[in-house]
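Trainee: Residue numbers for the sequence shown follow the UniProt record's numbering, beginning at 1 and rising by one. All C-beta atoms, glycine included, are put in the ideal place defined by N, C-alpha and C.
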Amino acid sequence: MIILSSLLLTAQAAAGMPDCADPQVQSEMNICAHREWEQADAELNALWPQVRAVMQREDGYAVEDDQPGYWESLLAAQRAWIAYRDAHCRLSSYDARGGTMQPLLHSTCMTVLTERRTEELRELTRNQMSGEAKPGTEN
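Structure representation (structure tokens):
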């Protein structure tokens, strides 16, 4: 019975279908953590067109000066954030460097930071659409 159970778990993990509600072995935990990050990343990517549209619209109302516009600034910030996220999560996973837990730590970090960034972008969009300034941005 134990052998059959082990074979079933191994087959599920090999097929990429672990029960993420109750992962039993490290490989399943790694797969499930990666799936959570993929979901978080998909949510951020689904929000991106809306954020881009709001920033591009705001560029139409921006004061003419020598500073980058909303969209250009957002794009630069997003590119910098991606570089930060990737480097930070790589570093944070080094607590288990070379071990079977490293992918879990990496994916979990990617999920947490991506979910935070998604909320930041939602908040930025809400503020721009409502005309509200965030604390510390007033003149």
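(1) On the CB-based measure, 16 or more other CB atoms within 10 Å of its CB, does residue 82 come out buried or exposed?
(2) I'd like the span of the alpha helix (DSSP H) that includes residue 89, first residue to last.
(3) Take residue 85 as the anchor and find which of 112, 121 and 26 has the nearest alpha-carbon.
(4) Whole angstroms are fine: how far does the CA of residue 87 sit from the CA of residue 44?
(5) Can you tell me where the alpha helix (DSSP H) holding residue 128 begins and where it ends?
(6) Which one of 103, 34 and 54 has the shortest CA to CA distance from residue 127?
(7) Measure the CB-CB distance between residue 36 and residue 107 and report whether it falls below 9 Å.
(8) Are the CB atoms of residue 101 and residue 140 within a distance shorter than 9 Å?
(9) Is the separation between the beta-carbon of residue 148 and that of residue 71 shorter than 9 Å?
Mentor: Judging by the given coordinates:
(1) Around the C-beta of residue 82, fewer than 16 other C-beta atoms lie within 10 Å, and the residue is accordingly described as exposed.
(2) Under the DSSP assignment, residue 89 falls in the alpha helix (DSSP H) whose first and last residues are 70-92.
(3) If you compare the alpha carbons of 112, 121 and 26 with that of residue 85, the shortest gap goes to 112.
(4) Each residue's Cα considered, the two are about 19 Å apart.
(5) For residue 128, the uninterrupted alpha helix (DSSP H) run begins and ends at 102-130, by DSSP.
(6) Among 103, 34 and 54, the Cα nearest to that of residue 127 is on 54.
(7) Yes; because the gap between Cβ atoms is below 9 Å, this pair is in contact.
(8) Outside the displayed span of the chain (1 to 139) sits residue 140, for which this structure offers no information.
(9) Residue numbering for the chain in the displayed model covers 1 to 139; residue 148 lies beyond these limits and cannot be assessed.
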